[in-house]
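Some notes on the structure that comes next.
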Amino acid sequence: MEMTACPLCKGELMVKEFHCAACRVSFRGSFSQSWVHGLKPEQLEFIKLFVVGQGNIREMEKRLGISYPTVKNRLAEIIRQITKEEPGELDYSDIIGDLDQGFISVEEALEMIETRREK
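For the sequence shown, this note's numbering assigns the number -1 to the initial residue and increments by one for each residue that follows.
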């Protein structure tokens, strides 16, 4: 069973013991977890598909059946969670760049901007 947060209060869990089933030795202490443990299962699956698709957002659209802005927004949310950075002043340069290069339509750009403003 994998738990990423306390089921009672949703607080961060700390690993206190590792146990080897082969030699039956246990190690107790306070062990930090990697950044991966803070992600939800669906975010880990998204990262897996992103890597397998070699970071191609259009490929992610096809695999997941979602729009380009949705892929970008999910990716941005994972990045925020990994870096623990709070969104500061809203920056739309990536959206403008994608629009300029023809990766997204004006409607998709507006949708992405609106989604980013809501968060």
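For glycine and all other residues, C-beta sits at the position ideal for the given N, C-alpha and C.
Could you tell me whether the Cβ atoms of residue i and residue j are closer together than 7 Å?
| i | j | result |
| --- | --- | --- |
| Q122 | I76 | The structure shown does not extend to residue 122, since the chain is modelled only from -1 to 117, so the question has no answer here. |
| I64 | Y90 | no |
| G51 | E59 | no |
Classify residue i: buried if its beta carbon has 16 or more other beta carbons within 10 angstroms, exposed otherwise.
| i | result |
| --- | --- |
| A107 | buried |
| I93 | buried |
| M1 | exposed |
| V69 | buried |
| F48 | buried |
| D98 | exposed |
Quick one: what's residue i bridged to in DSSP?
| i | result |
| --- | --- |
| H17 | S24 |
| E10 | A3 |
| F29 | V13 |
Among the candidates the options, whose CA atom is the shortest distance from the CA of residue i?
| i | options | result |
| --- | --- | --- |
| F133 | R115, N71 and P67 | Since the first residue of the chain shown is -1 and the last is 117, residue 133 is not available in this structure. |
| F44 | R114, H35, V104 and R61 | R61 |
| R114 | D96, E105 and N71 | N71 |
| L37 | D96, L97 and K82 | K82 |
| W33 | E10, E116, Q99 and D96 | E10 |
| H35 | A74, V23, A3 and D96 | A3 |
Stretch pair the region 24 to 32 + the region 2 to 15: three plus CB contacts closer than 8 Å: yes
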